[in-house]
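A.B. asks: This structure is in structure tokens; I'll ask about it shortly.
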Amino acid sequence: MTEIRTPGEGDLEAIKRVDGRAFGHKWTDEDFARQRSVIELERFRVADDHGSIVGVAGSFGLQMTVPGGAAVPTGGVTWVAVASTHRRQGLLTRLMADVHADIEARDEPLAALTASEGAIYERFGYGIATQRRMTVLDRTRAQMRPGLESDPGAVRLVEHDDPALVDELRSRWERIRRLRAGEIDRSEAWFAAQIGDRGAGATWVLHDDGFACWKIVQHWNEGHAAHEVELLDLAAATPDAHVALWRTVTSIDLVGSVRSRLLAPDDPLPYLLADPRALRTYELNDFVWCVPLDVALCFAARSYGTDDDVVIECDGARYRVGAGGAKRVRSRPDLVAERSALGPLLMGVAPTTLAMGRRLTARSAEALRRADALLTAHPMAHGMSGF
Ligand SMILES: CC(C)(COP(=O)(O)OP(=O)(O)OC[C@H]1O[C@@H](n2cnc3c(N)ncnc32)[C@H](O)[C@@H]1OP(=O)(O)O)[C@@H](O)C(=O)NCCC(=O)NCCS
């Protein structure tokens, strides 16, 4: 029988092959070395069929922000792949059980992931916590409203190989990641790997309270230049930094459009533009899925919209959650939730949305109204960082 075990250094080549085949990706040694720098092998599991590796799954040790700004230790499930010769034999299920047990053993109360397909992870209790929005901004129409001028010296260029870049980004990100539920920490190694992956073709800019990064794809159009900016990061701790960075991005010469996958659904950019329709959203997909492994610990970490509390029942266990914290109780439930509703509730998705999506039922319309006021998060949860 195929064995699930913790891999060693000697399994790395096989892990790389299983992953590469499953995702249709060719790893170069250089790319893989950067990935290796952020992988903790003891958090990984492989499926070993008589000496050949046919499946892999692992996790990163992350901190995920919950509503209110606290960061919860989180197992960020990653590198999930099963060889096509061994599909639908229950290997993912076994790998996930072991990876979740490892996350719990590390006292990380939350598990999160981004999914290659939408139908895989609900069976493991995951629910959609954040969305990924794909946008394109017509640069020629993207004028800022009058009165939003920013200090011309507020944003400066920095070279990708500047040795100070990692620290500059990290210190800003440490402030920014706490401002929205759904964001994760980015370690020094993570930033270093990302800067390396993006390479010399990426432009980085810093503001005292934020940063941005982009690449340009050239479209000369026979002398009518309309290059495309692929905006890879734009992160701001203050409204002024947000305006200054967008002003910089929309001022790049020869550019026709700015494409990005990082704007929150409630991003204020349309309100800053004289013509808000210069920004078009062309896709809105699920992004981060999560599942509380320790429900009480997760819900005790977040803040609430009112001084109220509600009792949520899930899988026969009842929890009173609200301003007074979160604990197991025996009281009558206000909400009865499927497990896959708990992650979205934790991150502030409105209970009404989940009730209409048939992931929970409320005792009464009044209980649902109270739950909405208590649990819905502002700003809405959103994460820019994949893992
Ligand atoms: C997705 C993947 C890991 C599934 O592995 P697997 O070992 O075949 O999964 P299991 O046999 O444990 O399946 C468990 C259940 O999930 C279902 N399932 C598995 N993959 C699914 C998919 N892509 N879509 C819908 N259901 C899926 C199975 O049908 C099974 O359902 P059942 O319990 O009702 O029979 C594998 O197909 C794969 O490597 N795909 C390519 C890489 C990838 O997408 N990885 C995920 C990255 S986030």
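Under the numbering used here, residues 3 to 389 are what the sequence shown spells out, in order.
All C-beta atoms in this analysis are idealised placements derived from N, C-alpha and C, irrespective of residue type, glycine included.
Model, not experiment: these values are computed from the prediction.
Between which two residues does the alpha helix (DSSP H) carrying Thr338 extend?
C.D. replies: The sequence shown places Val at residue 338, rather than the Thr named in the question. From DSSP, Val338 is part of no alpha helix (DSSP H) but of the beta strand (DSSP E) over Leu337 to Ala339.
A.B. asks: Would you check whether ligand 1 has a heavy atom nearer than 7 Å to the C-beta of Glu119?
C.D. replies: Glu119 Cβ: within cutoff of ligand 1.
A.B. asks: Tell me which residues share the same chain as Val219 and place their Cβ nearer than 7 Å to its Cβ, disregarding the 5 neighbours each side in the sequence.
C.D. replies: Excluding sequence neighbours, Val219 sits near His229, Glu230 and Glu232.
A.B. asks: Distance, Cα to Cα, Ala288 vs Thr132?
C.D. replies: It is worth fixing the name first, because residue 288 is Asp in this sequence and not Ala. The alpha-carbon atoms of Asp288 and Thr132 are separated by roughly 6 Å.
A.B. asks: Run through the DSSP bridge pairs and tell me what Trp291 is partnered with.
C.D. replies: Answer by DSSP bridge pairing, in chain order: Leu115 and Ile130.
A.B. asks: Tell me which residues share the same chain as Ser333 and place their Cβ nearer than 6 Å to its Cβ, disregarding the 5 neighbours each side in the sequence.
C.D. replies: Taken in chain order, the residues that qualify are Val313.
A.B. asks: What is the DSSP secondary structure of Thr240, reduced to helix, strand or coil?
C.D. replies: Coil.
A.B. asks: So which of Glu124, Leu236, Ala328 and Ala379 has the shortest CA-CA distance to Trp216?
C.D. replies: The candidate whose alpha carbon is nearest that of Trp216 is Leu236.
A.B. asks: Express the C-alpha separation of Gly92 and Val56 in angstroms, rounding to a whole number.
C.D. replies: If I take the Cα positions, the gap works out to 12 Å.
A.B. asks: State yes or no: is the C-beta of Leu64 nearer than 7 Å to some heavy atom of ligand 1?
C.D. replies: No, Cβ of Leu64 sits at least 7 Å from all heavy atoms of ligand 1.
A.B. asks: Between the Cα of Arg141 and the Cα atoms of Ala373, Leu265, Arg261 and Phe193, which residue gives the shortest distance?
C.D. replies: The shortest C-alpha separation from Arg141 is found at Arg261.
A.B. asks: Quick one: residues in its chain with C-beta nearer than 6 Å to the C-beta of Phe46, no 5 flanking neighbours on either side, listed in chain order?
C.D. replies: Cβ within range, chain order: Pro9 and Gly60.
A.B. asks: Taking the beta carbon of Thr308 as the centre, do at least 16 other beta carbons fall within 10 Å, making it buried, or is it exposed?
C.D. replies: By the 10 Å Cβ count, Thr308 comes out exposed.
A.B. asks: In terms of DSSP beta bridges, what is Gly77 paired with?
C.D. replies: In the DSSP output, where bridge partners are listed per residue, Gly77 has Gly63 and Ala113.
A.B. asks: Let me check understanding here. Comparing Cα to Cα, which of Ser86, Pro69, Ile130 and Val101 lies closest to Leu43?
C.D. replies: Checking every option, the nearest Cα to that of Leu43 belongs to Val101.
A.B. asks: From the DSSP secondary-structure annotation, give me the bridge partner or partners of Cys316.
C.D. replies: Beta-bridge pairing links Cys316 to Ala319.
A.B. asks: Which class does Lys217 belong to by DSSP, given the choice of helix, strand or coil?
C.D. replies: Strand.
A.B. asks: Can you name, in chain order, every residue of its own chain whose Cβ lies under 8 Å from the Cβ of Val168, other than the five neighbours on each side?
C.D. replies: So the list reads Glu190, Phe193, Ala194 and Ile197, once near-sequence residues are dropped.
A.B. asks: Mind checking Phe389: buried by the 16 CB within 10 Å criterion, or exposed?
C.D. replies: It is buried - the Cβ of Phe389 has at least 16 other Cβ atoms within 10 Å.
A.B. asks: So, is Ser173 buried or exposed, given that buried needs 16 or more other C-beta atoms within 10 angstroms?
C.D. replies: Exposed.
A.B. asks: My understanding is that Gly71 touches Arg180, with C-beta atoms under 8 Å, so please give their C-beta distance in whole angstroms.
C.D. replies: Their Cβ separation, rounded to whole angstroms, is 4 Å, which keeps Gly71 and Arg180 in contact under 8 Å.
A.B. asks: DSSP on Ser54, reduced to helix/strand/coil?
C.D. replies: Correct three-state label for Ser54: strand.
A.B. asks: For the alpha helix (DSSP H) containing Ser173, name the first residue and the last one.
C.D. replies: Unbroken alpha helix (DSSP H) run through Ser173: Leu167 to Ile178.
A.B. asks: In the DSSP assignment, find the alpha helix (DSSP H) that holds Ile122 and state where it starts and stops.
C.D. replies: Segment: none, Ile122 is in no alpha helix (DSSP H) and carries neither H nor E.
A.B. asks: Would you mind reading off the limits of the alpha helix (DSSP H) that contains Leu97?
C.D. replies: Leu93 to Ala107 is the span of the alpha helix (DSSP H), which, as asked, contains Leu97.
A.B. asks: Measure the C-alpha to C-alpha separation of Thr363 and Ala357 and round it to an integer number of angstroms.
C.D. replies: So the two alpha carbons sit approximately 6 Å from each other.
A.B. asks: Looking at ligand 3, does it come within less than 7 Å of Val219, judged from the CB to the closest heavy atom?
C.D. replies: Ligand 3 is not part of the structure shown, which contains ligand 1 as its ligands.
A.B. asks: Roughly how many angstroms lie between the CA atoms of Ala49 and Trp291, to the nearest whole one?
C.D. replies: Spanning the two alpha carbons is a distance of roughly 24 Å.
A.B. asks: What are the boundary residues of the beta strand (DSSP E) that Ala194 is part of?
C.D. replies: No beta strand (DSSP E) contains Ala194, which is instead part of the alpha helix (DSSP H) from Glu190 to Arg200.
A.B. asks: Would the region 241–259 and the region 119–126 be scored as touching if the rule is three or more Cβ pairs under 8 Å?
C.D. replies: Touching, no.
A.B. asks: By alpha-carbon positions, which one of Asp296, Ala379, Leu265 and Thr95 ends up nearest to Leu286?
C.D. replies: That would be Leu265, whose Cα lies nearest to the Cα of Leu286.
A.B. asks: How far does the beta strand (DSSP E) with Thr260 in it extend, from its first residue to its last?
C.D. replies: It is worth fixing the name first, because residue 260 is Val in this sequence and not Thr. Val260 -> beta strand (DSSP E) spans Val257 to Ser262.
A.B. asks: Would the beta-carbon of Thr250 fall within 8 Å of that of Val157?
C.D. replies: In this structure, Val157 lies closer than 8 Å to Thr250 by Cβ.
A.B. asks: Compute the Euclidean distance between the alpha carbons of Leu337 and Ala24, then round it to the nearest angstrom.
C.D. replies: Using only the alpha carbons, I get a separation of about 40 Å.
A.B. asks: Relative to ligand 1, is the shortest distance from any of its heavy atoms to the C-beta of Thr95 smaller than 7 Å?
C.D. replies: Yes, ligand 1 has a heavy atom inside 7 Å of this Cβ.
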